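Read the structure below first, then the notes.
Residue numbers (our numbering): 2 to 379.
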């Protein structure tokens, strides 16, 4: 029937008809079978293809291998990395992955988190560095956005410093200048420019603990978003401002307040994240409280917790853990998407104080975190 339709419209390009019919998979198949090398068109199609039957994947991989078509191999890996890698050798996977931008960027991360456990160990080892570079690129794109800076800290504060050439009179800190003159014991006729002080806005310190629930219901795409958010936060903040862990049945600390930040090592670590098991928050909340207990001066202390709050623990345990966090001065910034256990969330908010931020799409997480960082400085 499809062939008949195409023949019935001889004035139309067959590909444009398939476009109208939404037949992206069939177009992709025809491109591979005809040994096409149009990278832009491959990229457009893989964005629309959600899956591919296993027999078709085998057929198209064989065709792409026979012709040595890297663009076709890249497209097949972009649609189903696990399925395509079964029919390609290690060198072909390494050469074709993301070739000419086909299936690169966020799609590469989604494919990695979806299929990496099924990849041959030799393939996974070959492509991990490329995936890590993509993760760092995606995360660092976010680092430059929003307010706050790793060089200044998060919380705005006014401070005095010696007046410098080039400062305007509107920057003169009268209180600081008078205090310095009185302290020095000089008379007004002895005052020089060196006794003047200017006012400037600096950034104080915040203590932000981030806990991300990666329990078994998370898809590869959701894990990719969480990985980007983790690396973005650590690239955005000073090491002493952030402690971060992910959890499911077990808690996996990624960085404490006293640890330095090595983004390359962190990216290596988060690429191994796997959504498994149930959701036990007890150990994660205890870890967060212990981290805050070791923090010295901090103007703001916040626990950012992303979860559905359907924890294994009962209300009494969760209230006790929340109380311990509150005693360290932390308030809760609760984030969720989809289903939420309202009773548990209410218990924690009542105990710690704070607010609930609800997302309709987890892909908003990096932006939500940037907005949260900006609000810490308000």
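Think of the CB as a built atom: it goes at the ideal place given N, C-alpha and C, for glycine as much as any other residue.
Predicted model only: the values in this text are computed from it and were never measured.
Where the beta strand (DSSP E) containing residue 214 begins and where it ends: 207-214
Would you call residue 177 buried or exposed, if buried means 16 or more other Cβ atoms sit within 10 Å of its Cβ? buried
Residue environment, residue 367, which counts as buried when at least 16 other CB atoms sit within 10 Å: buried
Could you spell out where the beta strand (DSSP E) holding residue 317 opens and where it closes? Careful: residue 317 lies outside any beta strand (DSSP E), inside the alpha helix (DSSP H) at 316-328.
To the nearest angstrom, how far is it from the Cα of residue 30 to the Cα of residue 358? 43 Å
In the structure shown, what three-state DSSP assignment does residue 248 receive? strand
Could you spell out the range, first to last residue, of the alpha helix (DSSP H) harbouring residue 221? 221-237
In the DSSP assignment, find the alpha helix (DSSP H) that holds residue 258 and state where it starts and stops. Looking at the DSSP string, residue 258 is not in any alpha helix (DSSP H), and its letter there is neither H nor E.
By how many angstroms is the C-alpha of residue 310 removed from the C-alpha of residue 343? 8 Å
Among residues of its own chain, excluding the 5 on either side of residue 322, which ones have a beta-carbon nearer than 6 Å to its beta-carbon? 286
Considering just the uninterrupted stretch of the alpha helix (DSSP H) at residue 38, what are its terminal residues? Residue 38 -> no alpha helix (DSSP H), and no H or E assigned at all.
With H, G and I counted as helix, E and B as strand and the rest as coil, what does DSSP make of residue 301? strand
Taking 8 Å as the threshold, find out whether the segment 122-133 comes into contact with the segment 266-273 through three or more Cβ pairs. yes
Which residue comes first and which comes last in the beta strand (DSSP E) that contains residue 355? 355-360
What would DSSP say about residue 296, mapped onto helix, strand or coil? coil
Spell out the partners DSSP gives residue 100 in its beta bridges. Its beta-bridge partners do not exist; DSSP assigns none.
Own chain, CB closer than 6 Å to residue 355, minus 5 neighbours either side, in chain order: 332, 333 and 334
Residue nearest to residue 371 in terms of C-alpha spacing, selected from 317, 136, 233 and 70: 233
Three-state secondary structure assigned by DSSP to residue 337: strand
For residue 139 and residue 107, which I take to be in contact (beta-carbon distance under 8 Å), what is that distance rounded to the nearest angstrom? 6 Å
Report, in whole angstroms, the separation of the C-beta atoms of residue 326 and residue 290, which I expect to be a contact under 8 Å. 5 Å
Residue 310, DSSP secondary structure in three states: coil
Proximity below 9 Å, CB of residue 97 to CB of residue 124: no
Could you have a look at residue 42 and say whether DSSP puts it in helix, strand or coil? helix
Between 293, 362 and 283, which has its C-alpha nearest residue 314's C-alpha? 283
Using only the alpha-carbon positions, how far apart do residue 363 and residue 213 sit? 12 Å
So, at 7 Å on beta carbons, what are the nonlocal neighbours of residue 339 in its own chain, with the 5 sequence-adjacent residues on each side left out? 309
Extent of the continuous alpha helix (DSSP H) to which residue 24 belongs: Segment: none, residue 24 is in no alpha helix (DSSP H) and carries neither H nor E.
So is residue 244 buried or exposed if we call it buried at 16+ other beta carbons inside 10 Å? buried
Would residue 230 and residue 303 qualify as a contact pair, given that the criterion is a beta-carbon distance under 9 Å? no
On a CA-only basis, which of 104, 70 and 215 is nearest residue 1? Give me that one, please. Outside the shown range of the chain, which is 2 to 379, sits residue 1, and nothing can be said about it.
Spell out a yes or no on whether the segment 107-122 and the segment 216-225 are touching, meaning 3 or more CB-CB pairs, one atom from each, closer than 8 Å. yes
In the DSSP assignment, find the alpha helix (DSSP H) that holds residue 142 and state where it starts and stops. 122-144
Got a sec? Which residues, its chain only, sit under 6 Å from residue 336 by beta carbon, not counting five neighbours each side? 307 and 358
I'd like the span of the alpha helix (DSSP H) that includes residue 72, first residue to last. 71-80
How would you write the range of the alpha helix (DSSP H) that residue 52 sits in, first residue to last? Here residue 52 belongs to no alpha helix (DSSP H), and DSSP marks it neither H nor E.
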